[in-house]
Amino acid sequence: MPATGPCRRPEIAWRVIDGEAIVVNPRSGLVYPFNPVATRCWELADGSRSEEAIIDTIVEEFDAPAEQVRQDMRGFFQMLHEKGLIQPTQGSS
Amino acid sequence: MQTRVSLAIADLPVTVLDDAPEPSEWLTERCKAFHRATPDRADGSAIAIHRDASFTLALDETVVDLSHESGAFSVRGVDFHMQRRRCGLPIEVTAHPEAGLAGILRWAVGLRLIETGGLLVHGMAYVFDGSGVLAAGPSGRGKSTLSRLIRERVHLLTDETAAVRFVGEAPVVYSTPFAGELGLVSGPASAMLESLLFLSHAPEHCFEKVGAADATAKLLGCVFAPLAGGAWLDTCLATAERVARSVPTYAFGFRPEPDVWEKLSDACHRAVPSS
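The listed protein sequences correspond, in order, to chains B and X. At position 50 of the first sequence (counting the first as 1) the number is 629 in our numbering, and the numbers step up by one without a gap. At position 201 of the second sequence (counting the first as 1) the number is 251 in our numbering, and the numbers step up by one without a gap.
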């Protein structure tokens, strides 16, 4: 079934260490250390949830101002796209 | 005429078979301390290099194709093409007549270290009072500078490229013949790894503890070769985490002054006399 939301690219290697993901893009060889919020977001980005659904979950789980979290998460997803770490969602251009 | 030399690098047997008309000076002289008596067979330790005058130099970046499931890999460098069809078979290399042996061997050793649970790391390393310290960093972070500043006080393992492997549960840091600016090749030597540092230049000396996740990421950034994909990359990640969890890890910013040893000894060797 095609992904309906942000989905980690299968070739990306990652590992969660003490609650923080280390993500490696084999195409660029670049290593990305994620903080706990970004790590949770990354874990949820399996293609089964929309970007908004993931952000809602993050807002629920982390004790932080909702609007700030939403803004940060949108920027984070943008970065994931730009760095080629997640694949385009169905219907996106 | 073929050059045949057996080496042991970080306790890995490496048999070089090179059909270059003249033996490599790097291999026969600079690597001399790493030579070992060899069984006369070409097994998985062998790296067979065929020099080809018609080899076309590549202008783009190194292309790496790894398939860890069978242990097969292919590396296309600027002046060589290296491949292994599966684990246990010799590594076959076609190379330009002028291709440097050190560059070829560094790839081969780096890959074989990964599959045996080790890492080849951009870093200077030394032994003091039986304790091994690995100070890792990409180019320009001060490996040669630090090596120059402390070489009279420690046994320097390498100024540029160290190997890390586990002996049982203990991480061990090894010298390698892949020297840096100082051209120092200490010969085969190793020590239990007691501290892992990540180097940078700074206006003042400073030590800062680094957590396991950050240390893993920093160490991955210093691994020689391939963050190129597949299960090799997963293995790299797992080994980097294992190393990072095994020893204290610090970010070490330093200024290039002789008193850097006092700072290092305070942090890593506790109350060691400074003179």
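Backbone N, C-alpha and C define an ideal beta-carbon position, used for all residues, glycine too. As the structure is a computational prediction, the values presented were derived from the model and not from experiment.
Mind pulling the chain B residues with CB within less than 7 angstroms of D264 (chain X)? As a working mapping, residue 264 (chain X) is identified with position 214 in the second sequence. Listed along the chain, the chain B residues whose CB falls inside 7 angstroms of the CB of D264 (chain X) are P612.
Chain B contact residues for G261 (chain X), given Cβ-Cβ distances below 9 angstroms: Within the second sequence, residue 261 (chain X) is the residue found at index 211, counting from 1. Going along chain B in sequence order, the residues near G261 (chain X) (Cβ under 9 angstroms) are I596, D597, E599.
Taking C-beta pairs closer than 7 angstroms, name the residues in chain B that A145 (chain X) reaches, listed in chain order. Walking along the second sequence from the start, residue 145 (chain X) turns up at place 95. For A145 (chain X), none of the residues of chain B pass the 7 angstroms Cβ criterion, the least Cβ distance being about 23 angstroms.
Between X:T78, X:A58, X:F302, X:A96, which lies nearest to V66 (chain X) when the distance is taken from Cα to Cα? By 1-based counting over the second sequence, the position of residue 66 (chain X) is 16. Comparing alpha carbon positions, the residue from X:T78, X:A58, X:F302, X:A96 closest to V66 (chain X) is X:A96.
Run the CB neighbour count on K193 (chain X), radius 10 Å, all protein chains shown included, and call it buried at 16 or more, exposed below. Reading the second sequence from its first residue, position 143 is the one you call residue 193 (chain X). K193 (chain X) counts as buried, since no fewer than 16 other beta carbons sit within 10 angstroms of its beta carbon.
Are any of the Cβ atoms in chain X nearer than 9 angstroms to that of A592 (chain B)? Here residue 592 (chain B) corresponds to residue number 13 of the first sequence, with the count starting at 1. Yes, A592 (chain B) lies at the interface with chain X (some Cβ there is under 9 angstroms from its Cβ).
Cβ of E307 (chain X) within 9 angstroms of Cβ of L199 (chain X)? One-based indexing of the second sequence puts residue 307 (chain X) at position 257. One-based indexing of the second sequence puts residue 199 (chain X) at position 149. The Cβ atoms of E307 (chain X) and L199 (chain X) sit closer than 9 angstroms to each other.
Would Q603 (chain B) pass as an interface residue toward chain X - the criterion being a Cβ-Cβ separation below 9 angstroms? In the first sequence, counting from the first residue as 1, residue 603 (chain B) sits at position 24. The question names Gln, but residue 603 (chain B) is Val in the sequence shown. Answer yes: the Cβ-Cβ gap between V603 (chain B) and chain X drops below 9 angstroms somewhere.
If you measure from the beta carbon of E307 (chain X) to each beta carbon in chain B, is any gap under 9 angstroms? The residue given as residue 307 (chain X) occupies position 257 in the second sequence. No, E307 (chain X) does not count as interfacial toward chain B.
Taking just the CA atoms, how far does T266 (chain X) sit from Y611 (chain B)? Sequence index remark: in the first sequence, residue 611 (chain B) carries index 32 (1-based). Sequence index remark: in the second sequence, residue 266 (chain X) carries index 216 (1-based). Each residue's alpha carbon lies about 11 angstroms from the other.
Which runs of the beta strand (DSSP E), 3 residues or longer, sit entirely within the stretch 199-270 of chain X? Complete beta strand (DSSP E) runs here, min 3: 205-208, 211-217, 220-224, 240-251, 256-259.
Are R156 (chain X) and L170 (chain X) close, meaning C-beta to C-beta below 9 angstroms? The sequence position of residue 156 (chain X) within the second sequence is 106, counting from 1. The sequence position of residue 170 (chain X) within the second sequence is 120, counting from 1. Taking 9 angstroms as the Cβ cut-off, R156 (chain X) and L170 (chain X) qualify as a contacting pair.
Measuring only between beta-carbons, confirm whether G167 (chain X) sits less than 9 angstroms from chain B. On the second sequence, residue 167 (chain X) is found 117 positions in, with the first residue counted as 1. At a cut-off of 9 angstroms between beta carbons, G167 (chain X) makes no contact with chain B.
By the 10 Å Cβ neighbour count, where 16 or more other Cβ atoms means buried, how is G654 (chain B) classified, buried or exposed? As a working note, residue 654 (chain B) is residue 75 in the first sequence. By the 10 Å Cβ count, G654 (chain B) comes out exposed.
Check for me: the alpha helix (DSSP H) holding P615 (chain B) runs from which residue to which? Position 36 of the first sequence, counting from 1, holds the residue named residue 615 (chain B). Element bounds for P615 (chain B): 615-623.
Compute the Euclidean distance between the alpha carbons of R104 (chain X) and H85 (chain X), then round it to the nearest angstrom. By 1-based counting over the second sequence, the position of residue 104 (chain X) is 54. By 1-based counting over the second sequence, the position of residue 85 (chain X) is 35. Before going further, note that residue 104 (chain X) is Ser rather than Arg in the sequence given. Their Cα atoms are separated by approximately 31 angstroms.
Given 8 angstroms as the limit, is there contact between the stretch 291-302 of chain X and the stretch 230-245 of chain X, that is, 3 or more CB pairs closer than that? Below 8 angstroms, enough C-beta pairs join the stretch 291-302 of chain X and the stretch 230-245 of chain X to call them touching: three or more.
Could you tell me whether any Cβ in chain B is nearer than 9 angstroms to the Cβ of A301 (chain X)? On the second sequence, residue 301 (chain X) is found 251 positions in, with the first residue counted as 1. A301 (chain X) does not count as touching chain B.
Neighbouring residues, chain B, relative to A267 (chain X) (Cβ below 7 angstroms): Here residue 267 (chain X) corresponds to residue number 217 of the second sequence, with the count starting at 1. Those within 7 angstroms of A267 (chain X) in chain B are I601, V610, P612.
Here's the rule I'm using: 16 or more other beta-carbon atoms within 10 Å means buried, otherwise exposed. How should D209 (chain X) be labelled? Against the second sequence, residue 209 (chain X) aligns to sequence position 159. By the 10 Å Cβ count, D209 (chain X) comes out buried.
Is the beta carbon of S124 (chain X) sitting closer than 9 angstroms to the one on D115 (chain X)? Sequence index remark: in the second sequence, residue 124 (chain X) carries index 74 (1-based). Sequence index remark: in the second sequence, residue 115 (chain X) carries index 65 (1-based). Using a Cβ distance threshold of 9 angstroms, S124 (chain X) and D115 (chain X) count as a contacting pair.
If the criterion is Cβ atoms closer than 9 angstroms, does the pair E630 (chain B) and P585 (chain B) meet it? Looking up residue 630 (chain B) in the first sequence gives position 51. Looking up residue 585 (chain B) in the first sequence gives position 6. Yes.
Spatial neighbours of V638 (chain B) in its chain, beta-carbon cut-off 8 angstroms, leaving aside the 5 residues before and after: Taking the first residue of the first sequence as position 1, residue 638 (chain B) is located at position 59. If we look at V638 (chain B) and ignore the five residues flanking it on each side, its Cβ neighbours are A645, V648, R649.
Expressed to the nearest angstrom, what Euclidean distance is found between the alpha-carbon atoms of P238 (chain X) and T112 (chain X)? Here residue 238 (chain X) refers to the residue found at position 188 when the second sequence is read from its first residue. Here residue 112 (chain X) refers to the residue found at position 62 when the second sequence is read from its first residue. CA-to-CA, the gap between P238 (chain X) and T112 (chain X) works out to about 29 angstroms.
Run through the DSSP bridge pairs and tell me what F130 (chain X) is partnered with. As a working mapping, residue 130 (chain X) is identified with position 80 in the second sequence. For F130 (chain X), the pairing in a beta bridge is given by DSSP as X:A145.
Between the C-alpha atoms of E640 (chain B) and G626 (chain B), what's the straight-line distance to the nearest angstrom? Translated into the one-based positions of the first sequence, residue 640 (chain B) becomes position 61. Translated into the one-based positions of the first sequence, residue 626 (chain B) becomes position 47. Distance between the alpha carbons of E640 (chain B) and G626 (chain B) is about 20 angstroms.
Roughly how far, in whole angstroms, is the beta-carbon of I633 (chain B) from the beta-carbon of A624 (chain B), given that I think they are within contact range, below 8 angstroms? For the purposes of this step, residue 633 (chain B) is identified with residue 54 of the first sequence, where counting begins at 1. For the purposes of this step, residue 624 (chain B) is identified with residue 45 of the first sequence, where counting begins at 1. That belief holds up - the Cβ atoms of I633 (chain B) and A624 (chain B) are roughly 6 angstroms apart, short of 8 angstroms.
Hey, how far is the Cα of I141 (chain X) from the Cα of P227 (chain X)? Reading the second sequence from its first residue, position 91 is the one you call residue 141 (chain X). Reading the second sequence from its first residue, position 177 is the one you call residue 227 (chain X). If I take the Cα positions, the gap works out to 19 angstroms.
Where the alpha helix (DSSP H) through D61 (chain X) begins and ends: Taking the second sequence and counting its residues from 1, one reaches residue 61 (chain X) at position 11. That residue, D61 (chain X), is in no alpha helix (DSSP H); it is neither H nor E in DSSP.
Looking only at its chain, what residues have a beta carbon closer than 6 angstroms to the beta carbon of R628 (chain B), apart from the 5 residues adjacent to it on each side? Numbered from 1 along the first sequence, position 49 holds the residue referred to as residue 628 (chain B). Closer than 6 angstroms at the Cβ level, and outside the excluded window around R628 (chain B), lie G584.
Helix, strand or coil for S324 (chain X)? Go by DSSP, reduced to three states. Residue numbering aside, residue 324 (chain X) sits at position 274 when the second sequence is read from its first letter. No answer about S324 (chain X) holds up, because its pLDDT of 46 lies below 50 and its placement is not dependable.
Could you give the C-beta distance for A175 (chain X) and G167 (chain X), rounded to a whole number, given that I count them as a contact under 8 angstroms? Within the second sequence, numbered from 1, the residue matching residue 175 (chain X) stands at position 125. Within the second sequence, numbered from 1, the residue matching residue 167 (chain X) stands at position 117. At roughly 18 angstroms, the Cβ-Cβ gap does not stay under 8 angstroms, so A175 (chain X) and G167 (chain X) are not in contact.
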